Amino acid sequence: MNYAISGKGQPVILLHGLFGNLDNLKSLAKALENRFQVIRVDLPNHGQSPHWSCMDYPALAQAVIDLMNELSLKSAKLVGHSMGGKVAMATALLNPLKIDALVVADIAPVTYHPRHQTVFAGLTSLVLNHQTTRVSALNHLINAGIEESVAQFLLKNLQRTETGFEWKMNLTGLINSYDRIIGWQLQDCSTPSPYNKPCLFIRGGESDYVTADHREQILEQFPSANVKTLNGTGHWLHAQKPEIFNRIVAEFLAN
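What the sequence shown shows, in the UniProt record's numbering, is residues 1 to 255, in sequence order.
Below, the structure written as structure tokens:
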């Protein structure tokens, strides 16, 4: 996987969400790098990392472990937002000796109903050729029913080529993997033991990704978990209130 490293100290790996890249948690990295060695990654099918035809959480967890081995890290702490939070949870459950602590931002270890159909429809219907501009692409996504802030976020995946633009992300691979991304299946035959090390879930107060209905499933898999609510934020809590979010994460990891 493509990655960027800053700071020195205990390693902390930051994992972005669906359609994101290693810059999504850059503000958090800056807040942590005075105490930790911070590794920001592009998950497969995102940013500059390899494109996979299909991906699931066991394979993504193994990709995190492979990166740790490449960097000669005996263990690390993980922070993940949304899909990246699921990758972090899967890595901890399947490799508990390698993961010292866990921060999960606005996602639960459960299967979700599909909620990105409008986004995928807008992305796949966008024609990328020599006539495409960032303005025309933005207008297309907005006209397809995507909120402007989300459309601006998605368009960070566009990169210019000699003939116009192309996607950095592997859109086909993400579509093919979507059922696995919103699902929560780690092994075909058995369920991993609970992860008993320190774990913090941070939920957006106005988000429906982590609710009271998820409490039992969280504690079954992460018995030591604490849950904090960041009021006045939705699913993008790390971007909406970065100073508070960064402080909560830094204090938890330091303690």
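All residues carry an ideal CB built from backbone N, CA and C; glycine is no exception. Keep in mind the model is a prediction, meaning the values are calculated, not measured.
V127 is classed as exposed because its beta carbon has fewer than 16 other beta carbons within 10 Å across all chains shown. Of the candidates S125, D208, F252 and R35, D208 places its Cα closest to the Cα of G234.
Counting of Cβ neighbours within 10 angstroms places L94 among the buried residues, the total reaching 16 or more.
Counting only residues of its own chain and dropping the five nearest sequence neighbours on each side, L73 has a CB closer than 6 Å to the CB of P11.
The beta carbon of L200 lies closer than 6 Å to those of V103, N226 and F252 in the same chain, with the five residues before and after it left out.
For N226, there is no enclosing alpha helix (DSSP H); the enclosing beta strand (DSSP E) has its first and last residue at A225 to L230.
By the Cβ-count criterion, K228 is exposed, with fewer than 16 other Cβ atoms from all chains shown falling within 10 Å of its own Cβ. In this structure, the beta-carbon distance from Y57 to L174 does not fall below 8 Å. In this structure L18 does not touch A29 by the C-beta definition: roughly 20 Å separates them, more than the 8 Å allowed. Per DSSP, the beta bridge partners of Q159 are E166. Measuring C-alpha to C-alpha distances from G9 to each of R35, S49, S177 and R40 identifies R35 as the nearest.
Excluding five sequence positions before and after A61, the CB atoms of its chain that fall closer than 6 Å to its own CB belong to A90, T91 and L94, given in chain order. Secondary structure of H140 (DSSP, three-state): helix. Straight-line measurement puts the Cα of W52 at about 24 Å from the Cα of G164.
Rounded to the nearest angstrom, the Cβ distance from I65 to K98 is 6 Å, consistent with a contact under 8 Å. Per DSSP, the continuous alpha helix (DSSP H) segment holding Y178 begins and ends at L171 to I182. Closest in alpha carbon position to I5, among G47, Y112 and I39, is I39.
In its chain, beyond the 5 residues on either side, G205, E206, Q240 and K241 have a beta carbon closer than 8 Å to the beta carbon of G232. In the structure shown, the three-state DSSP call for F252 is helix. DSSP places G17 outside any beta strand (DSSP E), giving it a letter other than H or E.
By the Cβ-count criterion, R203 is buried, with 16 or more other Cβ atoms from all chains shown falling within 10 Å of its own Cβ.
Taking the Cβ atoms as the reference, P192 lies roughly 15 Å from S224, outside the contact range of under 8 Å.
Per DSSP, V87 is one residue of the alpha helix (DSSP H) stretching across M83 to L94. Apart from the 5 residues on each side of it in sequence, S49 sits with its Cβ closer than 8 Å to the Cβ of M1, N2, V41, D42 and L43 in its chain, given in chain order. In the DSSP annotation of this structure, the continuous segment of the alpha helix (DSSP H) that includes F153 starts and ends at E148 to L154.
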